[in-house]
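In full-length UniProt numbering, the protein residues as written are 1 to 308. Each residue gets a CB set at the ideal place from its N, CA and C atoms; glycine is no exception.
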């Protein structure tokens with residue numbers, strides 16, 4: 001998969017582009033339907049399957065401090081799109097200049113002149129251009145004018161609920177990782193390099209790996225989770241604490257992810273790992289003493305071993 005941060009000059013490199021438009025945060029089941037549809041359409045016509053997205057989230061530029069937290073890092077989003085068959089990922093920086101681009105100009109200058117699209121896929125509620133004035137109806141109108149196909153993808157429902165990134169964020173903020181998985185199509189996860197921590201886990205008898213996720217990434221609600229950790233091609237069950245460790249810190253301490261791997265012995269510092277949140281075991285709480293915390297961790301481990 002080729003990744004570009006500009007749309008200029010793409011037409012000469014990749015013929016007959018079939019492009020999907022959207023933010024695609026989470027690459028959930030609704031996004032996957034759109035991407036799989038455009039990849040299939042491109043293969044049928046000998047075209048190039050592409051996705052046009054942007055970073056950071058538009059709200060981070062238009063209303064600083066009010067942007068929703070992200071479900072995936074840009075790297076993870078790219079990996080998922082690559083696995084789905086996307087050949088070209090246009091990950092364009094979202095700027096005030098880009099935000100002022102009129103929807104008609106976006107279609108003519110970006111999609112037609114620079115990408116040379118043969119087809120476009122967009123969700124039923126997709127908006128674009130200055131003040132979000134562009135919509136699927138405008139794409140259909142300009143598709144007729146410039147002879148490119150437009151496919152408007154209807155909402156995807158699971159258990160009677162329309163899948164959306166907003167819905168999934170709400171579930172994760174409630175700690176409902178099983179519910180989020182149902183709409184994502186995969187187990188919620190966080191990934192990163194293990195950093196040095198306070199080594200308090202060693203003192204308690206449960207050594208931990210500390211991760212500090214990107215600050216704009218959404219973590220599930222504070223609590224203790226049964227997790228599965230992928231590292232160097234191996235898989236381990238574990239127990240993860242998400243939060244501020246209130247037994248030792250105040251509630252203003254920075255949130256992080258601290259993972260104890262079951263049946264693992266070795267030094268994890270500097271290792272890269274992916275942590276899948278399989279099930280929430282309990283809320284994070286403050287214990288009266290380290291001894292009470294140790295007793296609870298032992299109970300958490302028993303529960304975590306029950307995860308398949």
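| Query | Result |
| --- | --- |
| Is the CB-CB distance between residue 219 and residue 259 below 8 angstroms? | no |
| One question on the structure: do residue 277 and residue 261 come within less than 8 angstroms of each other, judged by their Cβ atoms? | no |
| Since residue 71 contacts residue 168 with CB under 8 angstroms, what's their CB separation in whole angstroms? | 6 angstroms |
| Mapping DSSP to helix, strand and coil, what is residue 195? | strand |
| Taking buried to mean at least 16 other C-beta atoms within 10 Å of its own C-beta, is residue 80 buried or exposed? | buried |
| Could you give the distance in angstroms between the alpha-carbon of residue 119 and the alpha-carbon of residue 57? | 25 angstroms |
| On the three-state DSSP scale, how would you describe residue 64? | coil |
| Quick check on the DSSP output: what are the complete alpha helix (DSSP H) runs of length 4 or more inside the segment 51-113, in order along the chain? | 58-62, 74-83, 96-99 |
| Do you know whose CA, among 132, 177, 180, 125, lies nearest residue 154's CA? | 125 |
| Given a cut-off of 8 angstroms, decide if residue 184 and residue 26 are closer than it, judged by their beta-carbon atoms. | yes |
| Decide yes or no for the touch test of the segment 43-55 against the segment 87-99: beta carbon pairs closer than 8 angstroms, at least 3 of them. | yes |
| Return helix, strand or coil for residue 165, following the three-state DSSP convention. | helix |
| Kindly indicate which three-state DSSP category residue 139 falls into: helix, strand or coil? | helix |
| With H, G and I counted as helix, E and B as strand and the rest as coil, what does DSSP make of residue 5? | coil |
| Quick one: what does DSSP say residue 174 is sitting in, helix, strand or coil? | coil |
| Between the C-alpha atoms of residue 170 and residue 288, what's the straight-line distance to the nearest angstrom? | 31 angstroms |
| Name, in chain order, the residues that DSSP records as bridge partners for residue 327. | For residue 327 there is no data in the structure shown, the boundaries of the chain being 1 and 308. |
| To the nearest angstrom, report how far apart residue 135 and residue 157 are at their CA atoms. | 21 angstroms |
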